[in-house]
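All remarks here apply to the structure that follows.
Numbering (my numbering), first residue to last: 10 to 639.
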C-alpha cells in the first residue's frame with residue numbers, strides 16, 4: 010500500500026506519518042482537525058477493501074473495541090469510509106505514545122515476579138471486561154500490548170476479535186488460522202475455533218515469556234511451532250527460575266494447558282488468581298489503586314539485551330563493642346540476678362525429682378493441651394498430634410457448607426482443651442457441601458417423576474402444564490431446577506408436564522385475500538404454503554381453496570395449504586389500435602398473451618394498424634396474438 014501521509018481523510022483526519030503496517034492495514038499518526046488532538050488512524054489496504062469478508066471483519070474490529078470501555082484497552086473513536094479523495098475504509102483510535110511490550114522485553118530480557126504481576130493485572134483486567142461483553146481478542150502477544158510514556162498499559166488490535174456482540178461465528182473465516190502462531194491455543198490451530206479460554210492460553214504464554222525471557226516453543230517454521238502447541242505441554246516456569254511462587258507457577262501451568270477445560274474459564278477468573286497472588290506477596294497492595302500500571306521508565310532508542318544488575322546492599326552501620334571494663338552497675342545486677350535464679354532452679358530440681366516426677370508422670374502435669382486441627386487434613390492432624398503422644402480417631406463424616414471435603418470439621422477434645430497423655434483425639438471429617446443431582450425426568454409420567462424425586466431428599470414444588478410440540482401429552486417436559494444441577498437438601502423442584510400440541514380453531518379464507526390469509530395464519534402459529542390455479546369464479550389474488558378446510562381445528566405449528574387464484578384462464582383481446590409497438594406488446598403480455606409482430610414500412614416509430622384475433626375476441630391465456638405495425 011502506498012504511503013498516504015498528507016492525505017485528509019473524511020474531511021477531518023489529517024494523516025501525518027505512517028507508524029505501522031500489517032497484513033491487513035496501515036496505521037498513521039494523524040491530527041483530528043475538528044477537535045485539534047492527536048489520533049491514530051487505521052486504514053485497510055486497498056486490495057482487501059474489495060473483499061467484503063475483510064471489510065466486514067475490519068468493521069467488526071471497530072464495533073468490538075468501541076463496545077469495550079476500559080482504561081487498559083485502546084479506545085475506538087470513529088469509523089467510516091473516505092469518499093473524498095483516496096478511497097479508504099478506516100478506524101480512528103486514541104493515540105498511545107510509547108512503546109510495545111515487545112520492545113521492553115527485548116531490552117530487559119525478562120521481568121521480575123512483581124513487575125510481571127503488574128503487567129498481567131492490567132492485561133487481564135481489560136480482557137475480563139471484553140469477555141463479559143462476549144468479545145474474544147484472539148491475538149494476545151507482546152506486540153499488541155502498548156505501554157504509554159506515562160506508564161499506562163493498553164491492549165490494542167481487536168481486529169481478530171469476535172463474539173455474539175459483533176455478530177461473528179466461532180470459526181476462522183478462511184483456511185488460514187488467524188493470530189500469531191507462538192501464542193495460539195491448540196484448539197485454534199486444530200479446529201479454528203476459540204472462546205475466552207483461548208485468550209487465557211495466549212495470556213499464559215505471554216506470562217511465561219515475561220518470566221522466562223523466551224517463548225516456550227521455537228522452530229524453523231510456523232507450522233512446526235503450531236504442531237508443538239497442539240502436541241506438547243508448556244513447561245513450568247519453575248523449571249527456569251527458582252524464585253517464582255508456587256501459586257503463580259501452578260496458575261500459569263493451568264492457563265497453558267492443552268485442554269481448555271483445565272484452564273481458568275475466562276480472564277476474570279485468571280485475574281482473580283493473579284490478584285490473590287499479588288496480595289500474598291504484598292498484603293498492603295491496594296486493589297483499587299489509582300496509580301499508573303507500571304512506574305514510568307525510559308526505554309533505549311535501540312533496545313538491546315542487558316543482564317539484570319543486582320542492587321548493591323546498603324552499607325551497614327558498625328558499632329564498636331564496649332570493653333568489659335566499661336560494664337555498668339546495672340549489668341552487674343543483671344548478672345547477679347541470673348546467678349541467683351540458676352541457684353534457685355538447681356535447688357528446685359532436687360525436689361522436682363521427687364514431687365515433679367509425680368506431677369509430670371501421674372499428676373495434673375501429665376495432661377496435654379490439644380492443638381486446634383479444624384480445617385486441616387487427617388494427615389496434617391496426625392502430624393500435629395503424634396509428637397505430643399496423642400492419637401487421632403475418625404468417628405464421623407458429616408456434610409458442611411464451609412469446611413471442604415476431607416478436612417476436619419470438629420475435634421473432641423477441642424483445640425485448647427487438655428487430654429491425658431497417650432489419649433485419643435476424636436475427629437469429625439467434612440463430607441463437603443451436601444448436594445444432590447436433579448435426575449433426568451423428561452418423558453416420564455408425573456407419578457414416576459415424583460417417585461424419583463422422593464428417592465432423594467428433594468421436595469416437589471408442584472406440577473405446571475404447558476403445550477409442547479415434541480413431548481406427548483401427559484409426560485414430563487423438564488424440571489426447574491433443570492436435570493444435572495446440584496442442589497441443596499429439600500430444594501423444591503417444579504415439574505413441567507406437556508399438554509400436548511395446542512389445537513387452534515381455523516376459519517375458511519376461500520374467496521378472501523390470500524395476503525390476509527397468509528398474515529393471519531402465520532400470526533396464529535401455522536406454517537403456510539401457497540400454490541396457484543386459474544379460476545372462473547374467484548378473483549385473482551383470492552383464495553380458491555385451503556387444506557385443512559375451515560371450521561375445524563389444527564395443531565399449532567402445522568402446515569396450512571392455500572390455493573390462490575390467478576383469475577380466469579380466458580381473456581378478451583384489448584383495443585391496441587394506434588398504440589406504439591412496445592406499449593401494445595406490454596399490454597398484451599400483461600394479460601398472459603404471446604405477441605407476434607408483423608412490421609411494414611420504414612418508419613422509426615411504428616404504431617399498431619391491425620390485430621389478429623380481432624379486438625374483443627375471447628381467447629385462452631397463452632394465445633398468440635399477431636399485431637401489424639407500420
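From the three backbone atoms N, C-alpha and C, an ideal C-beta is built for every residue, glycine too.
Model, not experiment: these values are computed from the prediction.
Buried or exposed (CB count within 10 angstroms, at least 16 for buried), residue i
i	result
residue 552	buried
residue 631	exposed
residue 538	exposed
residue 91	buried
residue 587	exposed
residue 354	Residue confidence for residue 354 is low, a pLDDT of 44 falling below 50, so the modelled location carries little weight; the figure read from the coordinates is stated next. With fewer than 16 other Cβ atoms within 10 Å, it is exposed.
residue 285	exposed
residue 376	exposed
residue 579	exposed
residue 629	exposed
residue 297	The predicted position of residue 297 is uncertain, since its pLDDT is 40 and thus under 50; no value can be drawn from it.
residue 56	exposed
residue 240	exposed
residue 463	exposed
residue 341	Because residue 341 carries a pLDDT of 39, less than 50, the predicted location of this residue cannot be relied on, and the following value inherits that uncertainty. With fewer than 16 other Cβ atoms within 10 Å, it is exposed.
residue 12	exposed
Host alpha helix (DSSP H) of residue i (start-end)
i	result
residue 278	276-290
residue 501	Element bounds for residue 501: not the alpha helix (DSSP H) but the beta strand (DSSP E), 501-507.
residue 463	455-463
residue 598	590-599
residue 212	205-221
residue 530	523-533
residue 234	231-240
residue 198	195-200
Residue(s) in a DSSP beta bridge with residue i
i	result
residue 377	428
residue 108	156
residue 444	BP columns for residue 444 are empty, so no partner.
residue 87	101
residue 488	504
residue 564	512
residue 82	164
residue 547	Residue 547 is not bridged to any residue.
residue 536	568
residue 616	589
residue 621	635
residue 626	Looking at the DSSP assignment, residue 626 forms no beta bridge with any residue, so it has no partner.
residue 541	573
Proximity to residue i [Cα-Cα], best of the options
i	options	result
residue 51	60, 15, 57, 88	88
residue 25	33, 616, 34, 15	15
residue 151	485, 112, 596, 157	112
residue 246	234, 264, 465, 613	264
residue 590	601, 618, 580	618
residue 407	398, 417, 401	417
residue 562	596, 511, 442, 218	511
residue 31	516, 521, 153, 479	153
residue 262	474, 214, 421, 397	214
residue 546	535, 571, 520	520
residue 141	404, 278, 583	278
residue 105	122, 83, 119, 528	83
residue 93	496, 23, 102, 460	23
residue 639	612, 570, 626, 405	612
N- and C-terminal bounds of the beta strand (DSSP E) containing residue i
i	result
residue 388	Not the beta strand (DSSP E): residue 388 falls in the alpha helix (DSSP H), residues 387-394.
residue 400	400-407
residue 261	Per DSSP, residue 261 belongs to no beta strand (DSSP E); it is in the alpha helix (DSSP H), 255-264.
residue 37	34-41
residue 48	46-53
residue 584	That residue, residue 584, is in no beta strand (DSSP E); it is neither H nor E in DSSP.
residue 30	22-30
residue 555	552-556
residue 651	There is simply no residue 651 to check, as the chain begins at 10 and stops at 639 in what is shown.
residue 150	Residue 150 -> no beta strand (DSSP E), and no H or E assigned at all.
residue 420	417-421
residue 435	433-439
residue 608	603-608
Whole-Å CB distance - residue i paired with residue j, under 8 Å assumed
i	j	result
residue 206	residue 269	4 Å
residue 636	residue 606	6 Å
residue 21	residue 43	5 Å
residue 548	residue 567	About 28 Å; that fails the 8 Å criterion.
residue 478	residue 504	Not confirmed; about 19 Å, so no contact.
residue 119	residue 221	6 Å
residue 620	residue 569	Residue 620 to residue 569, Cβ: 44 Å. No contact.
Residue i CB to nearest heavy atom of the ligand NAD below 7 Å
i	result
residue 430	The ligand NAD is not among the ligands present in this structure, which contains no ligands whatsoever.
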